[in-house]
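K.L.:
Read left to right, the sequence shown gives residues -21 to -1, 1 to 450 (mature numbering (1 follows the signal peptide of the UniProt record, and there is no 0)).
Heads up, the beta-carbon is just placed ideally off N, CA and C, and yes, glycines get one too.
Just dropping this structure here.
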Amino acid sequence: MKETVFAAALALSLGSPSAFAAETADVVVVGAGAAGLSASIGAAARGAKVILLEKTTDAGGNTAFAKLGLNAAATPDQAAARITGDSPTLFAADTIRYGHQINDAALVRAMTVTSAPALAWLETLGAKLCLRITPVGSEERPRLMAPCDGTAVGPRLIQVLKAKALQSQVDLRTQARATKLILADQKVSGIEVQTPKGRYQIKAKAVVLATGGFAAYSALVNQVHPSLKGIAPVGFRGATGDGLVIARAAGASLLDLDQLEIRPTVSVKGNVPIEEALRARGGILLNKSGKRFTDETGIRDIVSQDILKQSGHSAYLVIDSEIFDADKALQTYVDQGLMKRCGTVAAVAKAIGANSAAVKSTLNRYYRAYDRKFDQDFARYEMRVRLDQGPWYVAAVKPGVLATLGGIKINDRAEVLGSGDTPIPGLYAAGEVTAGVQGGNMMPGNGLTDAVTFGLIAGAKSAAYVGKTGL
Ligand SMILES: Cc1cc2nc3c(=O)[nH]c(=O)nc-3n(C[C@H](O)[C@H](O)[C@H](O)COP(=O)(O)OP(=O)(O)OC[C@H]3O[C@@H](n4cnc5c(N)ncnc54)[C@H](O)[C@@H]3O)c2cc1C
């Protein structure tokens, strides 16, 4: 893992308060996504008085945008489906392989060991999740859990977690933005809060930062990844890295800020990630002049950089019926107006706004490359279809940051680490605001697994720190 030199963009101030009306809590949790809600419930269950601060008008964050599911290993659902041999160890190996081997193994272990109990806990809250038997990617065993009724996972989690938090007497305060930690003798002693009505402070010996990522903090994204200048966030616009600023000011170490989860093809309309596999299955990318400009199957960063170099910093994903008809789910893109059906090559050109002859010439050149099994323009070696089966389908796309993988350095007890890897007493962090769990690439389903498992760990450890160990 790479220790990050404090980025100048992080010097941004979250404001400093003038007058306060002080109050107290045992644990203050900052951010009401999956991590913050899980931490709040976990701490409250051990008898802590918890205040949960949320800067927007409701709980949700990026969690509310998650559609696919979350992972858990060695579960009763796997046993029922006769999927044998899964374990936290195998799940950890998958996570580290996906993460390009730069994950913190101890954090990954904590997540994978906690995944099955966390899932069982979510089920007791009424999450109603079912195992998705078809593998999502290259995981060794199917272990993705998603709502049994086929609806999106994120809103379901927020619904059950928020209900449980309120039932557990967690004091959820919306439009309450944490701005700064208060330290006494280098230990946490409280937090400052900004609301539309003014500022106040809360005295608390423990604070859990669960503020999510910084995909929407463009200045920082540009600074850590200048080659992706102009890239926009996918999802929640409030992912502005507040937790990094707050933690850094208190002496926390930050890691791997340059590790971003990029999606090269996010629909220009609606900001929805378009299935990545469509490129591998044979889709090509055209610019506004109707020309190819990259090996579409290349690594995400390079494809994204090449799209950002095109006019309008965007491109058009083109697939044919052979690809479209093989995946029933793609009709949703057409229904949502994200993908246009084009009966002829001339219609493809019209959808792009390009010259018809230019698109015809590009496609003819691609057919020849397919026939020769050699793409002399961009050395794309995987061309699964000839792409000549109309109708064609076209989606306007641009690259986006789905998640940020680096952040606050923590240990497997969710304690925030400062210089010399020494924990900052009373400071905890969980979820996307932290570094080390995902490494350099996120395994599908692990964003939520990280948030829920480390939320529970942070809730338990922060409560224990203030002397609350159970009811
Ligand atoms: C489109 C999309 C789809 C995804 N799909 C999946 C999926 O299927 N499976 C999966 O595992 N992962 C998925 N992810 C990733 C996943 O959503 C995140 O990794 C996860 O939700 C992060 O949870 P969190 O609780 O750490 O942060 P969040 O859910 O983002 O919550 C952070 C909260 O903190 C609040 N906050 C921030 N700063 C402050 C402050 N200063 N004071 C008070 N409150 C503050 C925010 O308003 C927000 O409510 C997806 C992401 C996107 C964008």
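Could you round the C-beta distance between L188 and A13 to whole angstroms and report it? I think they count as a contact, below 8 Å.
P.N.:
Actually they do not touch by this definition, with Cβ atoms about 14 Å apart.
K.L.:
Apart from the five residues just before and just after G249, which ones in its own chain have a Cβ nearer than 7 Å to its Cβ?
P.N.:
The answer, listed in chain order, is Q315 and L317.
K.L.:
Go through its chain and collect everything with a Cβ distance to F(-2)'s Cβ below 7 Å, but skip five positions before and after it.
P.N.:
Only weak support is given to the placement of F(-2): the predicted model assigns it a pLDDT of 46, under 50, and the value that follows is read from those uncertain coordinates. Counting only Cβ-Cβ distances below 7 Å, and skipping sequence neighbours, we find R178, Y179 and Q180.
K.L.:
Which same chain residues end up closer than 7 Å to R359 when comparing Cβ atoms and leaving out the 5 residues on each side of it in sequence?
P.N.:
Result list for R359: D274, E275 and T276, in chain order.
K.L.:
So, using beta-carbon positions, are K377 and V282 closer together than 7 Å?
P.N.:
The answer is no: Cβ separation not under 7 Å.
K.L.:
Which residue marks the beginning of the beta strand (DSSP E) containing V149, and which one marks its end?
P.N.:
Note, V149: premise wrong, no beta strand (DSSP E); not H, not E.
K.L.:
Are Y444 and V373 touching if we call contact CB-CB under 7 Å?
P.N.:
No; because the gap between Cβ atoms is not below 7 Å, this pair is not in contact.
K.L.:
Considering K339, what are the terminal residues of the alpha helix (DSSP H) in which it resides?
P.N.:
Element bounds for K339: S335 to R351.
K.L.:
Is any non-hydrogen atom of ligand 1 found closer than 6 Å to the C-beta of V213, if you look at the structure I gave you?
P.N.:
Yes; taking the cut-off as 6 Å, the Cβ of V213 has a heavy atom of ligand 1 nearer than that.
K.L.:
Excluding the five sequence neighbours on either side, which residues of its own chain have a C-beta within less than 7 Å of the C-beta of I263, listed in chain order?
P.N.:
Here the set comprises R271, E275, V297, Y345 and L366.
K.L.:
Within a Cβ cutoff of 8 Å, which residues of the same chain sit near L123, ignoring the five residues on either side of it in sequence?
P.N.:
So the qualifying residues of the chain are L47, G48, L49, N50, L110, R111, V115, P423 and G424.
K.L.:
When the distance is taken between beta carbons, is G133 closer than 7 Å to F44?
P.N.:
Contact: yes.
K.L.:
Evaluate contact between the segment 92 to 99 and the segment 50 to 62, counting only Cβ atoms and requiring at least three cross-stretch pairs below 8 Å.
P.N.:
Cβ pair count under 8 Å is three or more, so yes.
K.L.:
Pull up the distance between the alpha-carbon of K288 and that of T158, whole angstroms please.
P.N.:
Roughly 37 Å separates the two Cα atoms.
K.L.:
On a Cα-Cα basis, can you pick out the residue from A211, V412 and A11 that is closest to I30?
P.N.:
The option with the nearest alpha carbon to I30 is A11.
K.L.:
What does the alpha-carbon distance come out to for the pair P205 and F357?
P.N.:
Rounded to the nearest angstrom, the two C-alpha atoms are 24 Å apart.
K.L.:
So, is F353 buried or exposed, given that buried needs 16 or more other C-beta atoms within 10 angstroms?
P.N.:
That one is exposed.
K.L.:
Whose CA, out of K329, L381, V412 and K34, lies closest to the CA of P175?
P.N.:
Per the Cα distances, K34.
K.L.:
For residue 455, verify whether its CB is less than 6 Å away from any heavy atom of ligand 1.
P.N.:
Beyond the ends of the chain as shown, which are -21 and 450, falls residue 455; an answer cannot be given.
K.L.:
For R392, which residues in the same chain have their Cβ closer than 6 Å to its Cβ, ignoring the five residues on either side in sequence?
P.N.:
Same-chain partners within the cutoff: K440.
K.L.:
Under a three-way DSSP split, which group does N50 fall into?
P.N.:
Of the three classes helix, strand and coil, the one that applies to N50 here is strand, per DSSP.
K.L.:
Would you mind reading off the limits of the beta strand (DSSP E) that contains I298?
P.N.:
Here the beta strand (DSSP E) through I298 covers A294 to D299.
K.L.:
Using DSSP with H/G/I as helix, E/B as strand and the rest coil, what is T413?
P.N.:
Three-state DSSP puts T413 in a strand.
K.L.:
Please classify A226: does DSSP put it in a helix, a strand, or coil?
P.N.:
Looking at A226 - three-state DSSP - the assignment turns out to be helix.
K.L.:
Between V6 and A144, how many whole angstroms is the CB-CB distance? I'm expecting something under 8 Å.
P.N.:
Going by Cβ atoms, the distance from V6 to A144 rounds to 13 Å, so no, they are not a contact pair.
K.L.:
If you follow the beta strand (DSSP E) that T174 is part of, which residue opens it and which one closes it?
P.N.:
From DSSP, the beta strand (DSSP E) with T174 extends over K166 to T174.
K.L.:
When you compare the CB positions of G418 and G39, do they come within less than 7 Å of one another, or not?
P.N.:
The answer is no: Cβ separation not under 7 Å.
K.L.:
Tell whether a beta-carbon distance below 7 Å holds between L396 and S232.
P.N.:
In contact: L396 and S232 (Cβ atoms closer than 7 Å).
K.L.:
In the segment 210 to 296, which residue ranges form an unbroken beta strand (DSSP E) of at least 3 residues, counting only runs that do not cross its ends?
P.N.:
Listed in chain order, the complete beta strand (DSSP E) runs (minimum 3 residues) inside the segment 210 to 296 are 239 to 246 and 263 to 265.
K.L.:
Roughly how many angstroms separate the alpha carbons of G169 and V412, rounded to a whole number?
P.N.:
Approximately 19 Å between the Cα atoms of the pair.
K.L.:
Please classify S(-9): is it buried, with 16 or more other beta-carbons within 10 angstroms of its beta-carbon, or exposed?
P.N.:
Residue placement at S(-9) cannot be trusted, given a pLDDT of 45 that sits under 50; what the coordinates show is reported in the next sentence. So S(-9) ends up on the exposed side.
K.L.:
Could you give the DSSP three-state label for V203: helix, strand or coil?
P.N.:
Here V203 sits in helix by DSSP.
K.L.:
I want to check one thing, is the minimum distance from the CB of V247 to the heavy atoms of ligand 1 below 6 Å?
P.N.:
Not under cutoff, so the answer is no.
K.L.:
Here's a check: name, in chain order, each residue in its chain whose Cβ is nearer than 6 Å to the Cβ of residue 466, leaving out the five neighbours to either side.
P.N.:
Since the first residue of the chain shown is -21 and the last is 450, residue 466 is not available in this structure.
K.L.:
Can you find the residues in the same chain that come closer than 6 Å, C-beta to C-beta, to A437, ignoring five residues on each side of it along the sequence?
P.N.:
Excluding positions up to five away in sequence, the list reads A18, V187, A393, Y407 and A409.
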